[in-house]
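**Q**
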Amino acid sequence: MNIDVLIPLFAATIQSGTPILYATLGEIITEKSGVLNLGVEGMMLCGAFGGFLVAMLTGNPWLGFLAGGAFGALMGAIHGIVCLHFQGNQVVSGLALTILGTGLANYWGTPFVGQNAPGFTPFSFPLLGSIPIIGPIAFHHDALIYTSYCLPVLVWFVFRHTQTGLALRSVGEYPDAALAAGINIKAYRWAGILTGGFFIGLGGAYLSLAYTHLWTNGITAGRGWIAVALVIFAFWKPGKAVLGAYLFGGVMAFQFRLQAVGTNIPSSLLMMLPYALTILVLVLSSIKGKGSQAPGALGVNIEPAD
Amino acid sequence: MLDIRVHKRQVPLPWWGTCLVLSSAVLVSLIVSAGLLALQGKPALGGILLFLESGFGTSWAIQDCLAKAVPIFLCSLGVAITFRLQIWNIGAEGQYALGSVGATWAALTFPGLPWYLLLPLMLACATLLGGLWGLIPALLKIKLRVNEIIVTLMLNYIGILVLEYLVYGPWKDPASFGMPMTPTFSPGAIVGFIGETNVSWGIVLCMVIGMLMTVFLKYTRYGFALKACGENARAAKYAGLPYNGLIVMVMVFSGALAGWAGFLEASSSLNRLEPTIMAGYGYTAIVVAWLARLNPLSIGVASFLLAGLRVGVEGIQLDLQVPAAFGSVMEGLILLTILASSFFQHYTISGRKKSSGK
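Taken in sequence, the protein lines are chains A and B. 152 is the number that the UniProt record's numbering gives to position 152 of the first sequence; each next residue is one higher, with no gaps. 9 is the number that the UniProt record's numbering gives to position 9 of the second sequence; each next residue is one higher, with no gaps.
(1) Once you ignore the five residues that flank Pro-135 (chain A) on each side, which residues in its own chain have a CB closer than 6 Å to its CB?
(2) Give a yes or no on whether the minimum CB-CB distance between Tyr-146 (chain A) and chain B is below 8 Å.
(3) Quick check: what's the CA-CA separation for Ser-176 (chain B) versus Ser-100 (chain B)?
(4) According to DSSP, which residues form a beta bridge with Leu-214 (chain A)?
(5) Scan the stretch 261-291 of chain A for residues whose Cβ lies nearer than 7 Å to a Cβ of chain B and list them as they occur along the chain.
(6) Would you mind telling me which residues of chain B sit closer than 7 Å to Asn-89 (chain A), beta carbon to beta carbon, in chain order?
(7) For Lys-358 (chain B) and chain A, any beta-carbon pair shorter than 8 Å?
(8) What are the start and end residues of each continuous alpha helix (DSSP H) run of 4 or more residues lying completely inside the stretch 260-320 of chain B, in chain order?
(9) Does DSSP put Ser-356 (chain B) in a helix, a strand or coil?
(10) Rounded to whole angstroms, what is the Cα-Cα separation between Ala-324 (chain B) and Thr-284 (chain B)?
(11) Determine, using beta-carbon pairs with one atom in the stretch 83-98 of chain B and one in the stretch 281-295 of chain B, whether at least three such pairs fall under 8 Å.
(12) Measuring CA to CA, which of A:Phe-254, A:Ala-143, A:Leu-230 and A:Ala-294 is closest to Leu-280 (chain A)?
(13) With three or more C-beta pairs closer than 8 Å as the rule, is the stretch 54-69 of chain B touching the stretch 253-266 of chain B?
(14) Measure from the C-beta of Thr-102 (chain A) to each C-beta in chain B and report whether the shortest distance is under 8 Å.
(15) Among the residues of its own chain, which have a CB less than 6 Å from the CB of Arg-5 (chain B), if the five just before and after it don't count?
(16) Under a three-way DSSP split, which group does Ser-100 (chain B) fall into?
(17) Going straight from the alpha carbon of Ala-228 (chain B) to that of Gly-130 (chain B), what length do you get?
(18) In this structure, does DSSP put Val-32 (chain B) in helix, strand or coil?
(19) If you drop the 5 nearest sequence neighbours on each side, which residues of the same chain put their C-beta closer than 8 Å to that of Ser-124 (chain A)?
(20) Of all Cβ atoms in chain B, is any one closer than 8 Å to the Cβ of Phe-254 (chain A)?
(21) Tell me the DSSP secondary structure of Ile-90 (chain B) in three-state form.
(22) Shorter than 8 Å from the beta carbon of Val-228 (chain A) to some beta carbon of chain B?
(23) Glu-265 (chain B): buried (16+ other C-beta within 10 angstroms of its C-beta) or exposed?
(24) Just the Cα atoms here: how many angstroms apart are Tyr-211 (chain A) and Phe-120 (chain A)?
(25) Within 8 Å of any Cβ in chain B, is that where the Cβ of Ala-245 (chain A) sits?
(26) Under 8 Å between beta-carbons, which chain B residues line up against Leu-38 (chain A)? List them in chain order, please.
(27) Return the Cβ separation of Phe-65 (chain A) and Gly-76 (chain A) in integer angstroms, given the expectation that the two are a contact with Cβ distance under 8 Å.
(28) Just to confirm, is the Cβ distance from Ala-138 (chain B) to Leu-121 (chain B) under 8 Å?
(29) On the premise that Ala-48 (chain A) lies in contact with Thr-220 (chain A), defined as a C-beta separation below 8 Å, what is that separation, rounded to the nearest angstrom?
(30) Taking the C-alpha atoms as reference points, what is the distance between Ser-341 (chain B) and His-85 (chain A)?
(31) Take every Cβ of the stretch 325-335 of chain B, pair it with every Cβ of the stretch 103-120 of chain A, and state whether three or more of those distances are shorter than 8 Å.
(32) Which chain A residues are close to Ile-158 (chain B), counting only those with a beta carbon under 8 Å from its beta carbon?
(33) Quick one, which of A:Trp-190, A:Leu-269, A:Thr-110 and A:Val-251 has its alpha-carbon nearest Gln-321 (chain B)'s?
(34) For Ala-292 (chain B), I'd like the list of residues in its chain whose CB is within less than 6 Å of its CB, leaving aside the five on either flank, ordered along the chain.
(35) Can you check which of these residues, A:Ala-297, A:Gly-239 and A:Phe-256, is closest to Leu-25 (chain A) by C-alpha distance?
(36) Excluding the five sequence neighbours on either side, which residues of its own chain have a C-beta within less than 7 Å of the C-beta of Tyr-168 (chain B), listed in chain order?
Shown next, in the form of structure tokens:
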């Protein structure tokens, strides 16, 4: 294949991988604190709708983007109330959150289907954008993509090199030990859920504000679930999450291009690719990973002490 | 300031207490739903009353509830069996899709067969494909410890795309003017309605399966093993219970039941295969299973109630111009409030005034 075909394909890979990257990082933060949140798909949808609505009302895409994060965090708060305060089963609460979030986004969003909101447009990043090959692939994008380049490093740094990160990990890994060390488990789990939810919401908002500039129901198309799977694939590490997100971005971009070119392969079969790849990726990571690398207390509620 | 303390219940909550907790939870979710209606400028109380009336108020509504309860019941029964084993089959939606594909294949390939041969054949094909869709995640889980939640979910998307591929492509009715649907089934491939009602004979199948399931869970060795493994997988393995075998069994069974639901839906309500068959019954099944505490009899009741929720939302959808998605909002809310309410079955709360400033 020739480089003129590959450059736009790689650029599209980064673009379609970005919402998945935001969501995967968010779910990593949540799970690191010991909370399993299967509501990502619903939270992303609410983030996408919230972002769209606020951007449309205010005319400011940045406010929309932040509102998307806030909607994600609000949805996360429901999970926090049910699981942290009412001891609800984390798996079921997450599924309920997806049902609720999908419902809410479609319920509120149906009157807006097909409408436009001011969104983000690509621009060439000063200096870096003029590097040959790398420039057109990685630095001719919108501002949210440039932001997403910094996030994995930030998340990695907080986990590895700060007290807060250490405390958050200890709450997810050994809650009893964390408690003995005087760490407020509930507070850290809340922090994990809300921060994670915020990132997940941002991923959703990316879809409605940058990937497309208009609202369609079901805009996430399973990307939230792919993010949940990628957390396992990435062994809960931000760096590997980048790899996974762009892998999926690549497959999605490739599939869209094949459809656009008009191959003989029916579109329904092409659209299976990302979902089939998710299963394949999980199989491969289970063969590669020796035992589970999940946080020790993932999905386990902390019983209230008498 | 109030000092709130939580204690584990020493004596279990009496049955009326459980009823009180459950009905308060449903009430809370109804109030929130009413609030959401009000936010959109719709009548809140009037909307909820209209919802209840159009869901359960007329004999036509009750028939519609029973008809919709059939696929929900079958999917939910299967899902609940896997949940008992702490295996999370979220894939009823895809298993249902594949079941309808299997049944349709038989109906389109052998249209000339009489009903007493064709219907069992359709059922067998639905069992096979639905079961296969349950077998894949089960094998991946026991051989490679791959997370079954995500595999079953991805298989939902793939299953629906298989169905769409077939009805947009090879199985499309040439006489449908480009609409994605198969030709109408031959008379031998159609499960009829009971008398003058809208309810198909499939409901009899539900009753038989429900009763068999109750007996199986309560009185057989495997039913006990299922319970034991679900409560403590590790201990069950040490006790020599066939944990992996049970995973395969429940997943295949669950997939087959969802497949039956797909078969009945294609051959009774639609009489053909088309994408509208995917109405989200597989996801509602999860809500039902959990509301019913995984108990077959309660699943029957909860399926009826959640079918009523769908029928009721259809009612207010027309009269109040509410989007259909309001149904999933209510489903999600009910599940969340019930989930939170179970806290009061296991714990008590006492509050007293704090004595000092702290």
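Positions of the beta carbon are idealized from the N, C-alpha and C atoms, including for glycine. Every value quoted in this text rests on a predicted model; they were computed, and no experiment measured them.
**A** Per the coordinate set shown:
(1) Per the sequence shown, the amino acid found at residue 135 (chain A) is Gly instead of Pro. Answer for Gly-135 (chain A): Gly-129, listed in chain order.
(2) Not an interface residue.
(3) When rounded, the separation of the alpha-carbon atoms in Ser-176 (chain B) and Ser-100 (chain B) is 19 Å.
(4) Answer is A:Asn-116.
(5) Those residues of the stretch 261-291 of chain A that come within reach of chain B (Cβ to Cβ, closer than 7 Å) are Pro-266, Ser-268, Leu-269, Met-271, Met-272, Tyr-275, Ala-276, Thr-278, Ile-279, Leu-282, Val-283, Ser-286 and Ile-287.
(6) Leu-339, listed in chain order.
(7) Only weak support exists for where Lys-358 (chain B) lies, its pLDDT of 39 falling under 50; the value from the coordinates is given anyway. For Lys-358 (chain B), the nearest beta carbon of chain A is not closer than 8 Å to its own beta carbon.
(8) For secondary structure counted as the alpha helix (DSSP H) over 4 or more consecutive residues, the stretch 260-320 of chain B holds these complete runs in sequence order: 281-291 and 296-320.
(9) Residue placement at Ser-356 (chain B) is flagged as unreliable, the pLDDT there being 49, under the threshold of 50; a coordinate-derived value is accordingly withheld.
(10) Computed Cα separation, rounded: 14 Å.
(11) Yes, since at least three Cβ pairs between the stretch 83-98 of chain B and the stretch 281-295 of chain B fall closer than 8 Å, the two stretches touch.
(12) Taking only the C-alpha atoms, the option nearest Leu-280 (chain A) is A:Leu-230.
(13) No, the stretch 253-266 of chain B is not in contact with the stretch 54-69 of chain B.
(14) Closer than 8 Å: yes.
(15) Leaving aside the five residues that flank Arg-5 (chain B) on each side, the residues in its chain whose CB is nearer than 6 Å to its CB run, in chain order, Ser-350.
(16) In the structure shown, Ser-100 (chain B) sits in a helix (DSSP, three-state: H, G or I).
(17) For Ala-228 (chain B) and Gly-130 (chain B), the distance between alpha carbons rounds to 26 Å.
(18) Correct three-state label for Val-32 (chain B): helix.
(19) Around Ser-124 (chain A): Ser-130, Gly-135, Phe-139 and His-140.
(20) False, the Cβ-Cβ gap to chain B never drops below 8 Å.
(21) Note: Ile-90 (chain B) maps to coil in three-state DSSP.
(22) For Val-228 (chain A), the answer is yes, since a Cβ of chain B falls inside 8 Å of its Cβ.
(23) That one is buried.
(24) Computed Cα separation, rounded: 9 Å.
(25) No, its Cβ sits nowhere closer than 8 Å to a Cβ of chain B.
(26) The contacting residues are Ile-149.
(27) About 17 Å separates the two Cβ atoms, so there is no contact after all.
(28) No. Outside cutoff.
(29) About 7 Å separates the Cβ atoms of Thr-220 (chain A) and Ala-48 (chain A), confirming a contact at the 8 Å cut-off.
(30) Going by the C-alpha atoms only, they are around 11 Å apart.
(31) With a cut-off of 8 Å on Cβ pairs, the stretch 325-335 of chain B is in contact with the stretch 103-120 of chain A, counting three or more such pairs.
(32) Within 8 Å Cβ-Cβ: Met-272, Tyr-275 and Ala-276.
(33) Gln-321 (chain B) has its Cα closest to that of A:Thr-110, out of A:Trp-190, A:Leu-269, A:Thr-110 and A:Val-251.
(34) The residues are Ser-298, Ile-299 and Ala-302.
(35) Of A:Ala-297, A:Gly-239 and A:Phe-256, the residue nearest in Cα terms is A:Gly-239.
(36) So the qualifying residues of the chain are Pro-180.
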